[in-house]
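Q: Before anything else, here's the structure in question.
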Amino acid sequence: MKTAYRVLAYLVATGVFVQAGAIAYAWFSAINELDGGAVIDSEWEGNLGHAMHGIVGTMVIPLLVIALLIVSFFAKFPGAVRYALIILGLLLLQIVLAFVAFGAPLVGALHGANALALLGVSITAAQRVPRATTTTGSSAPATAVA
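Residue numbers (my numbering): 1018 to 1163.
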């Protein structure tokens, strides 16, 4: 379960990187379209980057975080549940900030800052998982063979 915890925590962090790339693609693509004469009005629904950002942020990462929380109860190392709960809290805050930012765009800055916190805590959680120790050789004394 420790390996599953580590992998899930790193997947959450990877999801944050995907989110950053998706939203950057979304807006640079939109700017490119505007430069080409396109118009953004109330009918515009975004582009592939916006869709990816929405899907990963409201479905993929939340599923990973729920899985991480479940696994944390079986991982049996100090701080496993605590870090999973912190990640869950940051994720919930991230979703709230996203929806609030549509009405108050300045809140979008907090959405970005909170994403960095989610990234950092997810990586920290993954790195805090104790590594399995392996022993080589036998603990029995060696005997001479004649």
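Even glycine gets a Cβ: it sits at the ideal position worked out from N, Cα and C.
Here the structure is a predicted model, which means the values were calculated and not measured.
Is it true that the CB of Ser1059 sits closer than 9 Å to the CB of Ile1104?
A: Result no, Cβ atoms of Ile1104 and Ser1059 do not sit closer than 9 Å.
Q: Starting from the Cα of Val1024, find the closest Cα among Leu1081, Gly1063, Ala1041 and give me that residue.
A: Of the listed residues, the one whose Cα sits closest to Val1024 is Leu1081.
Q: Leaving out five residues on either side along the sequence, give the residues of the same chain with a beta carbon under 7 Å from the beta carbon of Gly1064.
A: The identity of residue 1064 in the sequence shown is Asn, whereas the question assumes Gly. Excluding positions up to five away in sequence, the list reads Ala1043, Ser1046, Ala1047.
Q: Report yes if the C-beta distance between Gln1036 and Gly1096 is below 9 Å; otherwise report no.
A: No, these two residues do not count as a Cβ contact at 9 Å.
Q: With distances taken from CA atoms, which of Ala1143, Val1088, Val1033, Thr1020 is nearest Leu1133?
A: Ranking the options by Cα distance to Leu1133, first place goes to Val1033.
Q: Applying the criterion that 16 or more other CB atoms from any shown protein chain within 10 Å of the CB defines a buried residue, is Met1069 buried or exposed?
A: Buried, by the Cβ-count rule.
Q: Considering only their Cβ atoms, is the gap separating His1067 from Ala1021 smaller than 9 Å?
A: No, they are not a contact pair.
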